[in-house]
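K.L.:
Residue numbers (the numbering used here): 248 to 385.
Quick reminder that beta carbons are idealized off the backbone N, C-alpha and C, glycines included.
Note that the structure is a prediction, hence the values are computed from the model and not measured.
This is the structure, below, for whatever I ask next.
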Amino acid sequence: MMSTLESLRCSIIHLPRIGDYRGNLSFIEGGRHIPFDIRRVYYIYDVPAGESRGGHAHRQVHQVMLALSGSFDILLDNGIEKTKITLNTPYIGLYIPNLVWREIVNFSTGAVLMVLASEYYDENDYIRDYREFRNSVL
Ligand code: TYD
């Protein structure tokens, strides 16, 4: 069933953009723009054509994803409802709470995906098996 971002508890975050003849500048301030304390930042780049990333959910971690460059599609799934969003604008982020399955596909050449995360990396926080994910949310 296709659904809305809101019903998946996801939301769009508009970051400031300051533009002049020299180009654009955006910024992210902890406690102001992001609905959690940022513990970790990682970024994905040089994704070969046709490859996908993600394919998991997090037990506790909340994230915000941004396309710093290029574009990609994010498929979101809460176990019942699904939706898809294209990120292609450096000042527009996608907030994804815990227990949402995500897959990132259709990376353009040169795309850079930056992720802000609420916790340090911990493999135990990952649900990488879709059936286990469905069972844990239903
Ligand atoms: P993986 O979860 O497969 O990446 P994606 O979510 O993009 O599909 O992670 C790839 C590898 O990187 C895996 O061995 C775990 C490691 N990793 C870290 O060490 N720290 C991190 O913050 C992240 C996100 C991954």
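Within 6 Å: the Cβ of residue 292 and any heavy atom of the ligand TYD?
P.N.:
Start at 1 with the first residue of the sequence shown, and residue 292 comes out as number 45. Result no, Cβ not under 6 Å from the ligand TYD.
K.L.:
Please indicate yes or no: does the CB of residue 317 lie closer than 6 Å to some heavy atom of the ligand TYD?
P.N.:
As a first step, residue 317 is located in the sequence shown; it is residue number 70 there, counting from the start. No, Cβ of residue 317 sits at least 6 Å from all heavy atoms of the ligand TYD.
K.L.:
Could you tell me the alpha carbon to alpha carbon distance between residue 339 and residue 380, rounded to whole angstroms?
P.N.:
Residue 339 sits at position 92 when you count from the first residue of the sequence shown. Residue 380 sits at position 133 when you count from the first residue of the sequence shown. Cα-Cα distance, rounded: 28 Å.
K.L.:
I want to check one thing, is the minimum distance from the CB of residue 300 to the heavy atoms of the ligand TYD below 6 Å?
P.N.:
If you number the sequence shown from 1, residue 300 lands on position 53. Residue 300: yes, Cβ under 6 Å from the ligand TYD.
K.L.:
Leaving out the 5 sequence neighbours to the left and right, which residues in its chain are closer than 8 Å to residue 290 when beta-carbon positions are compared?
P.N.:
Here residue 290 refers to the residue found at position 43 when the sequence shown is read from its first residue. Answer for residue 290: 315, 359, 360, 361, 362, listed in chain order.
K.L.:
Using the Cα positions of residue 278 and residue 369, report the straight-line distance between them to the nearest angstrom.
P.N.:
Here residue 278 refers to the residue found at position 31 of the sequence shown. Here residue 369 refers to the residue found at position 122 of the sequence shown. Going from the Cα of residue 278 to the Cα of residue 369 covers about 23 Å.
K.L.:
What residue range does the beta strand (DSSP E) around residue 384 cover?
P.N.:
By one-based count along the sequence shown, residue 384 stands at place 137. Per DSSP, residue 384 belongs to no beta strand (DSSP E); it is in the alpha helix (DSSP H), 377 to 384.
K.L.:
Hey, is residue 368 close to the ligand TYD, as in C-beta under 6 Å from one of its heavy atoms?
P.N.:
By one-based count along the sequence shown, residue 368 stands at place 121. True, at least one ligand heavy atom lies under 6 Å from that Cβ.
K.L.:
For residue 249, count neighbouring Cβ atoms within 10 angstroms of its own Cβ and tell me buried if that reaches 16, exposed if not.
P.N.:
In the sequence shown, the residue the question calls residue 249 occupies position 2. It is exposed - the Cβ of residue 249 has fewer than 16 other Cβ atoms within 10 Å.
K.L.:
Sorry if obvious, but does the Cβ on residue 377 come closer than 6 Å to a heavy atom of the ligand SAM?
P.N.:
Absent from the structure shown: the ligand SAM. Ligands present: the ligand TYD.
K.L.:
So residue 266 is in the beta strand (DSSP E); what residue range does that whole segment cover?
P.N.:
In the sequence shown, residue 266 corresponds to position 19, counting from 1. It spans 264 to 267 - the beta strand (DSSP E) in which residue 266 sits, taken as one unbroken run.
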